[in-house]
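**Student:**
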Amino acid sequence: MGIGRLVMAAVVVLAVLGLSPGAATAATPDNGAIAAKYQSTGGASGPLGAAITPLRCGLVHGGCYRAYHGGSIHWSAGTGAHVTLGGIAGRWAVFQWERGFLGYPVSDENCTLVWAGCVQLFQGGSIYWTHSSGAHAVHGGIGRKWVQMGYERNPLGYPSSEEACSGVPHQCVQQFLGGSITWVSGGGVSVNPNARSVGVVVNKRRPNSPVNQTPPDLVGIGSQLMRWEAANQLTLFLRGASGAGVAVTTVSGFRSYSSQASLYNYYVSLYGQAVADTISARPGYSEHQTGLVMDIGNPDGACGLQACFAGTPAGQFAAANSWRYGFIIRYPNGYDSITGYTYEPWHLRYIGVRTATDMHYRGYRTLEQYFGLPAAPSY
């Protein structure tokens, strides 16, 4: 058969298969994976549109790619073929595509996250995108801690910057919508939730910001006030306790700066400042000012605001189940050298269900330990 007839026969076969003469076939280095991926997205009528380059191979690790009006498809033997487009593709390009620390994509975009966010996984990390925060990568030690705490649903939320690294020892900091994470070479990772985050840490070394803050989203729960999210979860906690046959009452929630000052000064007048500092926070340093705390009790007042509360029905239910609703016993027994306060089994602090669950299963008892922050035994 002549050359002309062979070419003509090939064109006929491609037409029968619905492919163009320039389309990749099984004879290409990617074994047709990019062409197959393109067709699975809808081809020229899909989000990628028409091709603007031929198939190009010879990338790192023998990879291939093809560019389209709406994005690109990259392939490697170890990752398969995946689409990159939009803001995530733009951020990946900043990091030098597959040549950078992220390597090749190992998934397509997933845009089913909270707040209409998107994520794409790569060999060396992930890129997250939201309309408000843009596209940013998370990876390494900072990324592992962020993932451990619950991804974008943790108290920090989505990343809002890239890592900024400098100094000796090497230190990297990444900003998130709800705070920051710092990694230090040889020194581990620390988390610093901001003042509006449900993960905010207030202790004797970390005052409220501002010291006289009043959260704008306070709502009533019983006769007390809490921030909206915390109040909703406490309602579920109280309902769960009731379903288990345990009655729990709300005793003290949000306190203003002036209310905390009055309470602290009262304890000072009774016991002196040294003792008062172990049982009550100075104004400006109280978790109650965050609106994320509720002191609970038994309806009959048994062991109210006393260590023996731990042995009562309400105290036992709280110890066993508070984490399920996003709360922790903030001042556990035997940890006053870290928290600065004696045991308060009645003091429930809301930190979010994912974080509380992670703390529970990993055995962390204090926020200082969990977030990698310094102990705060004194002012």
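For the sequence shown, position 66 (counting from the first letter as 1) is numbered 68 according to our numbering, and the numbering increases by one without interruption. For glycine and all other residues, C-beta sits at the position ideal for the given N, C-alpha and C.
(1) Using beta-carbon positions only, say whether Ala91 and Gly73 come within less than 8 Å of one another.
(2) Determine the contact status of Ala52 and Tyr40, defining contact as a CB-CB distance below 8 Å.
(3) Rounded to a whole number of angstroms, what is the C-alpha to C-alpha distance between Ile340 and Ala320?
(4) Could you say if the stretch 187–200 and the stretch 271–287 meet the contact criterion of at least three C-beta pairs nearer than 8 Å?
(5) DSSP three-state label for Ile90, please.
(6) What is the C-beta distance between Ile36 and Ala83, in whole angstroms, given that I count them as a contact (C-beta under 8 Å)?
(7) Can we say the stretch 244–262 touches the stretch 288–303, given the rule of at least three CB pairs closer than 8 Å?
(8) Using 8 Å as the threshold, is the C-beta distance between Gln173 and Thr184 below it?
(9) Tell me Ile223's beta-bridge partners as DSSP assigns them.
(10) Take every Cβ of the stretch 196–206, pair it with every Cβ of the stretch 150–159, and state whether three or more of those distances are shorter than 8 Å.
(11) Indicate, with yes or no, if the ligand HEM has a heavy atom lying under 7 Å from the CB of Asn267.
(12) Under the three-state reduction of DSSP, which class applies to Val203: helix, strand or coil?
(13) Per the DSSP calculation, Phe329 is bridged to which residue(s)?
(14) Less than 8 Å between the C-beta atoms of Arg356 and Met228, yes or no?
(15) Starting from Leu123, follow its DSSP beta bridges and name the residues at the other end.
(16) Ser47 by DSSP, collapsed to three states: which one?
(17) I'd like to confirm the pairing. Which residues does DSSP put opposite Leu194 in its beta bridges?
(18) Considering only residues of the same chain and omitting the five flanking positions on each side of Pro376, which have a CB-CB separation below 6 Å?
(19) What do you reckon, are the CB atoms on Gly60 and His76 nearer than 8 Å?
(20) With the cut-off set at 8 Å, would you say Ile281 and Tyr337 are in Cβ contact?
(21) Using the C-alpha atoms, what's the distance from Asn300 back to Pro285?
(22) Which residue spans inside the stretch 284–342 form an unbroken beta strand (DSSP E) run of at least 3?
(23) Taking C-beta to C-beta, are Met296 and Thr368 nearer than 8 Å?
(24) Please classify Arg351: is it buried, with 16 or more other beta-carbons within 10 angstroms of its beta-carbon, or exposed?
(25) In whole angstroms, what is the alpha-carbon distance linking Lys206 and Tyr153?
(26) Please confirm whether His138 and Tyr130 have their CB atoms less than 8 Å apart.
(27) Quick one: what does DSSP say Ser42 is sitting in, helix, strand or coil?
(28) What's the C-alpha gap between Gly126 and Arg146?
(29) Does the Cβ-Cβ distance between Leu104 and Phe97 come in under 8 Å?
**Tutor:** The answer reads as follows:
(1) Taking the C-beta atoms as reference points, Gly73 is found nearer than 8 Å to Ala91.
(2) No, these two residues do not count as a Cβ contact at 8 Å.
(3) Straight-line measurement puts the Cα of Ala320 at about 21 Å from the Cα of Ile340.
(4) Judged by Cβ distances under 8 Å, the stretch 187–200 makes no contact with the stretch 271–287, as fewer than three pairs qualify.
(5) DSSP places Ile90 in helix when its eight states are reduced to three.
(6) Rounded to the nearest angstrom, the Cβ distance from Ile36 to Ala83 is 5 Å, consistent with a contact under 8 Å.
(7) Contact holds: three or more Cβ-Cβ distances are below 8 Å.
(8) Against a cut-off of 8 Å, the Cβ pair of Thr184 and Gln173 comes out as a contact.
(9) Answer by DSSP bridge pairing, in chain order: Gln226.
(10) Under the Cβ criterion (8 Å, minimum of three pairs), the stretch 196–206 counts as touching the stretch 150–159.
(11) With respect to the ligand HEM, the structure offers nothing, as it holds no ligand at all.
(12) Looking at Val203 - three-state DSSP - the assignment turns out to be coil, as it is neither helix nor strand.
(13) Beta-bridge partners assigned by DSSP to Phe329: Tyr352.
(14) No. Outside cutoff.
(15) Beta-bridge partners assigned by DSSP to Leu123: Ser128.
(16) Three-state DSSP puts Ser47 in a helix.
(17) The identity of residue 194 in the sequence shown is Asn, whereas the question assumes Leu. BP columns for Asn194 point to Ser182.
(18) Closer than 6 Å at Cβ, skipping near neighbours: no residue.
(19) Not closer than 8 Å, so no.
(20) Not in contact: Ile281 and Tyr337 (Cβ atoms no closer than 8 Å).
(21) Their backbone Cα atoms lie some 27 Å apart in a straight line.
(22) With a minimum length of 3 residues, the continuous beta strand (DSSP E) runs that stay inside the stretch 284–342 are 295–299, 329–333.
(23) No.
(24) The residue in question, Arg351, is buried, as its Cβ has 16 or more Cβ neighbours within 10 Å.
(25) Approximately 29 Å, taken between the alpha carbons.
(26) A contact, by the Cβ cut-off of 8 Å.
(27) Helix.
(28) Computed Cα separation, rounded: 12 Å.
(29) For Leu104 and Phe97, yes; Cβs fall inside 8 Å.
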